[in-house]
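For the sequence shown, the numbering used here assigns the number 1 to the initial residue and increments by one for each residue that follows.
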Amino acid sequence: MLGIVGGTAILKADLPKMALKQTSTPFGTAEVLLGENLAVLKRHQFNTPPAQINHRANLAALKLAGVDRLILICSVGGMKEEYMPGTFALISDFFSPWEIPTFHEHDIYHISPSIDEVLTNGLKELIPDAKEGVYLQTRGPRFETKAEIAHFKATCDMVGMTAASEITLANELGIPVAGVCSVDNFANGVHGAENLTYEELTAAAEKNSRRMTGLIGKIIDKFA
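Listed below in structure tokens is the structure:
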């Protein structure tokens, strides 16, 4: 079963007929839209801001639903000028200097983080002009400082607050995972960008969501 995790764009996509199911997990409750060979989860369900998302409940609910491959739909800020607003980027790796949740708080367990090559190559076929880049996950809820972006742009290309947690938990659950990002703004200090407001960010994400909704339909047709 294909799983898709995303934000507002997934609710505007032309999804097949699906039923909303509330799933209880050992980590909390999550809502999942279930269809034939497809599970869709809105990461900001219950109006949860990025820093407060219950990633463990979300990923556990997808695993319980039978998801065996997962694609993340993300909104990011471009940390370099070539990652311009309005473009797509595939996650090739990730970096988080902040804490990432785990299902293994009370035992000794180590994984090698990975992004699935087969899924990523399939996304490349759908978006041949997409860039590939390293995703930096920050803690939030505040935006990053210019100094933070300048420091991390040596190794990272785009910045968000969710994908590294979701990839790590998917890895722990044995679910192959890949991510496609919509670059909705330049990060603080890049190409003259500064003092970004939440309203400006949501407006940009809304504008670019039209392109993302069309892509989601293609992803479902290809992978589900």
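Just so it is clear, CB atoms sit at the ideal spot from N, CA and C, and this is done for glycine as well.
DSSP-derived helix/strand/coil call for residue i
{"i": "G140", "result": "coil"}
{"i": "K21", "result": "strand"}
{"i": "F27", "result": "coil"}
{"i": "F186", "result": "strand"}
{"i": "L126", "result": "helix"}
{"i": "E132", "result": "strand"}
{"i": "G262", "result": "The structure shown has nothing for residue 262, since the chain only spans 1 to 224."}
{"i": "M212", "result": "helix"}
{"i": "A224", "result": "coil"}
{"i": "L15", "result": "coil"}
Through-space distance from residue j to residue i, alpha-carbon basis
{"i": "M1", "j": "D93", "result": "24 Å"}
{"i": "T8", "j": "K42", "result": "7 Å"}
{"i": "G35", "j": "L15", "result": "9 Å"}
{"i": "F103", "j": "A19", "result": "27 Å"}
{"i": "G160", "j": "K17", "result": "30 Å"}
{"i": "E105", "j": "F27", "result": "12 Å"}
{"i": "G214", "j": "A154", "result": "33 Å"}
{"i": "I53", "j": "P141", "result": "11 Å"}
{"i": "I100", "j": "G217", "result": "30 Å"}
{"i": "N171", "j": "L72", "result": "13 Å"}
{"i": "E166", "j": "H151", "result": "24 Å"}
{"i": "T25", "j": "F186", "result": "37 Å"}
Delimiting residues of the beta strand (DSSP E) encompassing residue i
{"i": "F95", "result": "88-95"}
{"i": "S114", "result": "Element bounds for S114: n/a, residue is neither H nor E."}
{"i": "M158", "result": "158-160"}
{"i": "L38", "result": "38-42"}
Where the alpha helix (DSSP H) containing residue i begins and where it ends
{"i": "A60", "result": "55-65"}
{"i": "K80", "result": "K80 -> no alpha helix (DSSP H), and no H or E assigned at all."}
{"i": "L11", "result": "8-12"}
{"i": "L169", "result": "163-172"}
{"i": "A150", "result": "146-152"}
Exposed unless 16 or more other CB atoms sit within 10 angstroms - verdict on residue i
{"i": "H55", "result": "buried"}
{"i": "V118", "result": "exposed"}
{"i": "N58", "result": "buried"}
{"i": "L38", "result": "buried"}
{"i": "I111", "result": "exposed"}
{"i": "F143", "result": "buried"}
{"i": "N223", "result": "The question names Asn, but residue 223 in the sequence shown is Phe. Buried, since its Cβ has 16 or more Cβ neighbours within 10 Å."}
{"i": "L11", "result": "exposed"}
{"i": "T145", "result": "exposed"}
{"i": "D221", "result": "exposed"}
Presumed contact (8 Å Cβ cut-off) between residue i and residue j, rounded CB distance
{"i": "A178", "j": "Q137", "result": "Not confirmed; about 16 Å, so no contact."}
{"i": "I149", "j": "M79", "result": "6 Å"}
{"i": "D157", "j": "V180", "result": "The Cβ separation is near 14 Å, so there is no contact."}
{"i": "G3", "j": "L70", "result": "4 Å"}
{"i": "A30", "j": "T23", "result": "5 Å"}
{"i": "T168", "j": "P113", "result": "6 Å"}
{"i": "T162", "j": "P50", "result": "6 Å"}
{"i": "K131", "j": "Y83", "result": "6 Å"}
{"i": "V76", "j": "D184", "result": "7 Å"}
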